[in-house]
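Numbering (the working numbering), first residue to last: 1093 to 1226.
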């Protein structure tokens, strides 16, 4: 009898993309950081949107808004901490991703490397804007 993950149409798509995906035998764990960056980005977007629904900008109301999120919103404290610590983990993954690229000589592919540098600058600007919210 065939496995459910190989017969069910939706599970077959996930199986072909994640489980039975052919990869080179010499690939190492350093190549996981690109995927981790994608997961971190999705996590940051989702938690950021949830926090934005309850956040009130302004010099007078920002602190009270954050206190409201942590105290009164269901699992608001968890969402806020996931967002804050997720940003740090996102940058750790970025640095490992850049280090892997330098080690394996990915900078030789100029167009791809330049797109990565532009994305790094955009991420740094976005992190700065998120850090200085009133």
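No residue lacks a Cβ here, since even glycine has one placed at the ideal position from N, Cα and C.
Proximity to residue i [Cα-Cα], best of the options
i	options	result
residue 1280	1128, 1151, 1107, 1146	One cannot answer for residue 1280 here, as it falls past the ends of the chain, which runs 1093 to 1226.
residue 1189	1200, 1201, 1208	1208
residue 1163	1152, 1151, 1147	1147
residue 1213	1202, 1183, 1177	1183
residue 1179	1200, 1165, 1211, 1135	1135
residue 1133	1224, 1211, 1225	1211
residue 1107	1153, 1141, 1095	1095
residue 1224	1154, 1110, 1123	1154
Within-9 Å CB hit, residue i to chain B
i	result
residue 1127	Note that chain B does not occur in the displayed structure, where there is just one protein chain.
Nearest-angstrom Cβ-Cβ length linking residue i and residue j, presumed shorter than 8 Å
i	j	result
residue 1174	residue 1218	Their Cβ separation, rounded to whole angstroms, is 17 Å, which puts residue 1174 and residue 1218 out of contact at 8 Å.
residue 1060	residue 1205	The first residue shown for the chain is 1093 and the last is 1226, placing residue 1060 beyond what the model contains.
residue 1143	residue 1119	Incorrect: roughly 36 Å between the Cβ atoms, too far for contact.
Residue i classed as buried or exposed, judged by whether at least 16 other C-beta atoms fall within 10 angstroms
i	result
residue 1125	buried
residue 1093	Reliability fails at residue 1093, whose pLDDT of 42 lies under 50, so the model's placement of it is uncertain and the value that follows must be treated cautiously. Residue 1093 is exposed by the Cβ-count criterion.
residue 1137	exposed
residue 1105	exposed
residue 1150	exposed
residue 1191	exposed
heavy atom of the ligand FMN below 8 Å from residue i C-beta
i	result
residue 1148	As far as ligands go, the structure on display features none, and thus does not contain the ligand FMN.
Residue range of the alpha helix (DSSP H) that includes residue i
i	result
residue 1110	Per DSSP, residue 1110 belongs to no alpha helix (DSSP H) and is neither H nor E.
residue 1174	1168 to 1195
residue 1161	1154 to 1163
residue 1223	1202 to 1223
residue 1130	1125 to 1146
residue 1099	1096 to 1099
Beta carbon of residue i nearer than 9 Å to that of residue j
i	j	result
residue 1186	residue 1165	no
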